[in-house]
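What follows is one structure encoded as structure tokens, with my remarks underneath.
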Amino acid sequence: MSDTEIQIHRIFINATPERVWAAITSPEFSRLYGYAGDVDYDLQPGGHFEHRAGEDMKAVGMPDVVVTGEVLEADPPRRLVQTWGPVWIEDEEPGTITWDIEPSAHGSVRLTLTHDLTGRPTTAEQVAGNPDPTNEGGGGWPRVLSGIKTVLETGEAMEPSAADGAA
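Numbers in my numbering are just positions in the sequence shown, counted from 1, shifted up by 1171.
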């Protein structure tokens, strides 16, 4: 049996590729979706990436910086490839995530997130989107992508849900 695991998550968003790119790479957007923290990217190969904890994450004991990585490829507004390493999982090396932004003929965008989790079983379980809000990771990548869609299409942050562990 192989320990290779690739997770692919897709969502269609009624937005331009430029807006989707900004939602992924700018703190003005990142604090409105997912786990509500600021991202910081140096968008050149070898550039640093970090995701800082939002107030809710800090309230449950997370450190100021929760995910770190390195930018491997940046082709705005089409593709971003980076390493992605949650700091609380100390026994696994960072994996690679690829954000592909593809415009459709109808004006929407298909956003595909591919996460190479080979040899990273703990991270794989946490980012998959566990349906049990009391279990590790909450809504994972499905929650993040749904949050990006909600922010870009409505201008509002997605309401907390059972996936967050909130009532």
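Don't be surprised by glycine CBs; every beta carbon is placed ideally from N, CA and C. These figures come from a predicted structure and were not determined experimentally.
Alpha-carbon spacing of residue 1283 relative to residue 1230, whole angstroms: By 1-based counting over the sequence shown, the position of residue 1283 is 112. By 1-based counting over the sequence shown, the position of residue 1230 is 59. Whole-angstrom Cα-Cα distance: 31 Å.
Using the Cα positions of residue 1311 and residue 1201, report the straight-line distance between them to the nearest angstrom. Here residue 1311 is taken as the residue at index 140 of the sequence shown, counted from 1. Here residue 1201 is taken as the residue at index 30 of the sequence shown, counted from 1. When rounded, the distance between both Cα atoms is 14 Å.
Alpha carbon to alpha carbon, how far is residue 1211 from residue 1204? Give it in angstroms, no decimals. As a working mapping, residue 1204 is identified with position 33 in the sequence shown. As a working mapping, residue 1211 is identified with position 40 in the sequence shown. Rounded to whole angstroms, residue 1204 to residue 1211 spans 15 Å at the Cα level.
Three Cβ pairs or more, each shorter than 8 Å: is that satisfied between the stretch 1310–1325 and the stretch 1175–1182? yes
Do you know how far the Cα of residue 1258 is from the Cα of residue 1217? Numbered from its first residue, the sequence shown carries residue 1217 at position 46. Numbered from its first residue, the sequence shown carries residue 1258 at position 87. Approximately 19 Å between the Cα atoms of the pair.
Cβ-Cβ separation, residue 1269 to residue 1252 (assumed contact under 8 Å), whole Å: On the sequence shown, residue 1252 is found 81 positions in, with the first residue counted as 1. On the sequence shown, residue 1269 is found 98 positions in, with the first residue counted as 1. That belief holds up - the Cβ atoms of residue 1252 and residue 1269 are roughly 5 Å apart, short of 8 Å.
Quick test of your reading: residue 1191 and residue 1248, contact by CB under 8 Å. State the CB separation rounded to the nearest angstrom. Numbered from 1 along the sequence shown, position 20 holds the residue referred to as residue 1191. Numbered from 1 along the sequence shown, position 77 holds the residue referred to as residue 1248. About 7 Å separates the two Cβ atoms, so the contact holds.
Could you tell me which whole alpha helix (DSSP H) segments of length 4 or greater appear in the stretch 1237–1313? 1292–1298
Exposed unless 16 or more other CB atoms sit within 10 angstroms - verdict on residue 1194: Stepping through the sequence shown from its first residue, residue 1194 is reached at position 23. That one is buried.
Identify whether residue 1211 lies in helix, strand or coil by the three-state DSSP scheme. Sequence index remark: in the sequence shown, residue 1211 carries index 40 (1-based). Strand.
Give me the Cα-Cα distance between residue 1291 and residue 1215, rounded to the nearest whole angstrom. Mapped onto the sequence shown, residue 1291 falls at position 120. Mapped onto the sequence shown, residue 1215 falls at position 44. Approximately 26 Å, taken between the alpha carbons.
Would you call residue 1224 buried or exposed, if buried means 16 or more other Cβ atoms sit within 10 Å of its Cβ? Indexing the sequence shown from 1 puts residue 1224 at position 53. Buried.
Starting from residue 1181, follow the beta strand (DSSP E) in both directions and report where the run begins and ends. Translated into the one-based positions of the sequence shown, residue 1181 becomes position 10. 1177–1184 is the span of the beta strand (DSSP E), which, as asked, contains residue 1181.
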